[in-house]
Amino acid sequence: MQHSGRQAAGERPSLTQIADVFTRYANFTLGGGSATTAVIHGEIVDKRRWVSEEQFALSFALGRLTPGTNLLAFCVGIGWILRRWAGAIVALLAASVPCTLFVMVITVLFAEWQENPFAQAAIKGAIAAAVAVTVKTVWTIAHPYFRPGNRIRVVLIGTAAFALHASAGISPIDVLLLAALIGFFLPEPS
Amino acid sequence: MNIVLLYLLLLKGTVTAFAGLASLPVIQESLVNHYHVLTNEQLNEAVVITRSSPGPVGLYIVSVGYFVAGLPGAVAGWLAMITPALLIIPLVHFVGRRMEHPRVRSVLQTVVIASAGLLLAAAIPLGRDGLTGPVTIVIAAVCFLLLLTTKIDTLWMMLTAALVSLTASAFGLMAYL
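So the protein sequences, as listed, match chains A and B.
Read left to right, the first sequence gives residues 1 to 190 (this note's numbering).
Read left to right, the second sequence gives residues 191 to 367 (this note's numbering).
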């Protein structure tokens, strides 16, 4: 691991300890993943000294660039740095099983509640809020790139993707592949 | 629907998305528009469910799986959610050294921006199904303004929206939801 900086000073944790930390801190992300990552940082860098600051940063940055749920990729990265494959798998299970069970219970209850007219009214209100959240997420995704010198590029690519899918009916995967090609041949002006 | 096919379709969504809800357009395209095993309403509900639970947003895929095929579908959703996370292992191993290459950075950037545009396109049918009367339209507009101007947690926002809607229906405004 010569590219990930010096090793942390603490002892290498057992799989049980990895499972314990990720079960406790990776399943509650109210307020967004960044808050969760901050809590995990406090636990594994500052308090337990399992990984160095550089190793943490490497896993965090690459987690953001890995497809799917960034937080899970981040946990796998840390698990892998700590105990290779066994650590990665344990971290992934610990960070995903409890919250998945929770969502399954809510989903099942949700189907039951749909029969009740008052519950339906409440659900309609929550869904209206969810539409707003979805639209806001568009900005959350795009804004890290919306910086001086790059704004026209962000607007053009975002609008083109929107129009190709919404108006021209091109499938999302094809739009993303096209975007990747454009990114490869037309790098960001530096 | 065959569970393996469902897993692959959900995986197609998660593996091409770089943020929680960014996989939504791909899921919508395949399960709602192409295979007709899910409705836009259920997709909306899946988003509501994850937003009202403490886990990451990407968990909505578990609810989607449940709506399509019950408990086995939920397991397929969980697998589709966790599979892409393993891709970080080769990344941590090799790509860590090439991060400064302009083309690598540029490709990741254009893909992320395009996925934002796609998400906006996906919000249109979600809005059409979810915003059916003055009450829900006002709720969505107020929530959007609050999201832009404050740091209110989305869980509280959804709970309040549910309460407002519930109150409106208790006052006999069911037809305006």
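Ideal placement from N, C-alpha and C gives every residue a C-beta, glycine not left out.
Alpha-carbon to alpha-carbon, residue j and residue i
| i | j | result |
| --- | --- | --- |
| B/L356 | B/F257 | 24 Å |
| B/V247 | A/N27 | 11 Å |
| A/E188 | B/Q299 | 9 Å |
| B/A236 | A/A126 | 11 Å |
| A/C75 | B/T350 | 32 Å |
| A/E115 | A/H41 | 44 Å |
| B/A313 | B/Q232 | 14 Å |
| A/L177 | B/C333 | 33 Å |
| A/V103 | A/E112 | 14 Å |
| B/V325 | B/E290 | 49 Å |
| B/V194 | B/A259 | 11 Å |
| B/A331 | B/V297 | 34 Å |
| A/G158 | A/D46 | 39 Å |
| A/G31 | B/A264 | For A/G31, the predicted model reports a pLDDT of 47, less than 50, meaning its position is unreliable and no value from the coordinates is stated. |
| B/Y366 | B/A352 | 14 Å |
| B/V216 | B/L321 | 22 Å |
| A/A122 | A/S96 | 28 Å |
| B/T344 | B/A275 | 25 Å |
| A/E43 | A/S14 | 15 Å |
| A/I182 | A/V175 | 11 Å |
| B/V328 | B/T339 | 16 Å |
| B/R241 | B/L316 | 15 Å |
| A/A128 | B/N230 | 13 Å |
| B/A360 | B/H283 | 58 Å |
| A/I89 | A/T69 | 15 Å |
| A/I152 | B/I303 | 12 Å |
| A/V133 | B/L198 | 27 Å |
| B/N234 | A/V131 | 8 Å |
| A/K136 | A/S52 | 34 Å |
First and last residue of the uninterrupted alpha helix (DSSP H) at residue i
| i | result |
| --- | --- |
| A/F74 | N70 to W113 |
| A/H165 | R151 to A166 |
| B/T350 | T344 to A360 |
| A/P172 | P172 to F185 |
| B/G307 | P292 to G320 |
| A/E54 | E53 to L65 |
| B/Q162 | The requested residue 162 of chain B does not occur in the structure, where chain B is confined to residues 191 to 367. |
| B/Y250 | Y250 to I272 |
| B/F284 | Premise fails: B/F284 is in no alpha helix (DSSP H) and is neither H nor E. |
| A/R24 | L15 to Y25 |
Within chain A, the residues that residue i reaches when beta carbons sit closer than 8 Å
| i | result |
| --- | --- |
| B/I239 | V103, I106, T107 and F110 |
| B/G320 | K124, I127, A128, A130 and V131 |
| B/M377 | As displayed, chain B neither begins before 191 nor continues past 367, which places residue 377 of chain B out of reach and without an answer. |
| B/G259 | Before going further, note that residue 259 of chain B is Ala rather than Gly in the sequence given. The contacting residues do not exist; B/A259 stays about 12 Å from chain A at best. |
Contacts that residue i makes with chain C (C-beta to C-beta distance below 7 Å)
| i | result |
| --- | --- |
| A/P187 | The structure shown contains no chain C; its protein chains are A and B. |
Contacts around residue i, its chain only, beta-carbon distance under 7 Å, and the 5 residues preceding and following it disregarded
| i | result |
| --- | --- |
| B/L201 | A270 and T273 |
| A/T66 | A73 |
| B/V252 | A264, G267, W268 and M271 |
| B/V227 | M191, L221 and V258 |
| A/A91 | I18, F22, C75, V76, I78 and G79 |
| B/M347 | C333 and L336 |
Neighbouring residues, chain B, relative to residue i (Cβ below 7 Å)
| i | result |
| --- | --- |
| A/H165 | P215, L308 and A311 |
| A/S14 | By Cβ distance, chain B contributes nothing, its closest Cβ being about 20 Å from A/S14, past 7 Å. |
Amino acids of chain A, ordered along the chain, whose beta-carbon sits closer than 7 Å to that of residue i
| i | result |
| --- | --- |
| B/Y225 | Within 7 Å Cβ-Cβ: nothing; B/Y225 doesn't reach chain A, min ~13 Å. |
| B/V301 | L176, A179, A180 and G183 |
| B/Y256 | M104 and T107 |
| B/T344 | V133 |
Chain-ordered chain B contacts of residue i [CB-CB under 8 Å]
| i | result |
| --- | --- |
| A/Y25 | Under the 8 Å cutoff, chain B gives no residues; its nearest Cβ is about 12 Å from A/Y25. |
Chain-ordered neighbours of residue i on chain B, where CB pairs are closer than 9 Å
| i | result |
| --- | --- |
| A/V154 | Q299, I303 and A306 |
| A/G149 | Those do not exist, as A/G149 stays about 13 Å from chain B at its closest Cβ, beyond 9 Å. |
Contacts around residue i, its chain only, beta-carbon distance under 8 Å, and the 5 residues preceding and following it disregarded
| i | result |
| --- | --- |
| A/A142 | V154 and G158 |
| A/T36 | Y25, A26, F28, T29 and L71 |
Cβ shell of residue i (< 6 Å), same chain only, five flanking positions each side left out
| i | result |
| --- | --- |
| B/I239 | S253 |
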